[in-house]
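Q: Quick note: the sequence shown uses the working numbering, first residue 1439, plus one each step. For every residue, glycine included, the Cβ atom is placed at its ideal position computed from N, Cα and C.
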Amino acid sequence: MSLTTEFTDYMDLRGLLTDEEKLVRETARDFVNREVIPIIDGYAQEEKFPAHLVKMMGELGFLGPTLPEQYNCAGLSNVAYGILMYELERGDSAIRSFASVQGSLVMYPIYAYGSEEQKNHWLPKMAAGDAIGCFGLTEP
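Structural data, given as structure tokens:
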């Protein structure tokens, strides 16, 4: 089964995408169609997360994608990041949530506020999917 989210592009937004953004879209779309959609219903029924996809996502540059290449991240634009998250969400919200939390709520603060030693230690591992971060959230 392949889900599509094509729409009539009245403003030719697709025509504004760079070659890199188109490549990100196609890579993410292929990953979702090939690896996520065929299995995700089974994982949802079992209330489990498909952890084997994490390393694949790392290999494709989906974790911490906007961070610099010097930390083994993809160095993508914010537009490419949005396209990537859109395609992951098309496959499953938990998959997209994992990628966005890992990159934005865990890796970005290390990049922005961590020491160079912390960045060099954690960011490449997290980008590869070898280390999974977390964050704390409280409500009043």
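Going by Cα to Cα distance, which pick from VAL1462, LYS1486, THR1576, SER1542 is closest to LEU1514?
A: Counting from one through the sequence shown, the residue named residue 1514 turns up at place 76. The residue with the shortest Cα to Cα distance from LEU1514 is VAL1462.
Q: Using the rule of at least 16 other Cβ atoms within 10 Å of the residue's Cβ for burial, across every protein chain shown, is PRO1488 buried or exposed?
A: Locating residue 1488 in the sequence shown gives position 50, counting from the first residue. Buried, since its Cβ has 16 or more Cβ neighbours within 10 Å.
Q: Taking contact to mean 3 or more Cβ pairs, one atom from each stretch, closer than 8 angstroms, check whether the segment 1496–1510 and the segment 1562–1573 are in contact.
A: yes
Q: Go ahead and pull the three-state DSSP assignment for SER1542.
A: In the sequence shown, residue 1542 corresponds to position 104, counting from 1. Of the three classes helix, strand and coil, the one that applies to SER1542 here is helix, per DSSP.
Q: For GLN1556, does the count of other Cβ atoms within 10 angstroms reach 16, so buried, or fall short, so exposed?
A: As a working mapping, residue 1556 is identified with position 118 in the sequence shown. The residue in question, GLN1556, is exposed, as its Cβ has fewer than 16 Cβ neighbours within 10 Å.
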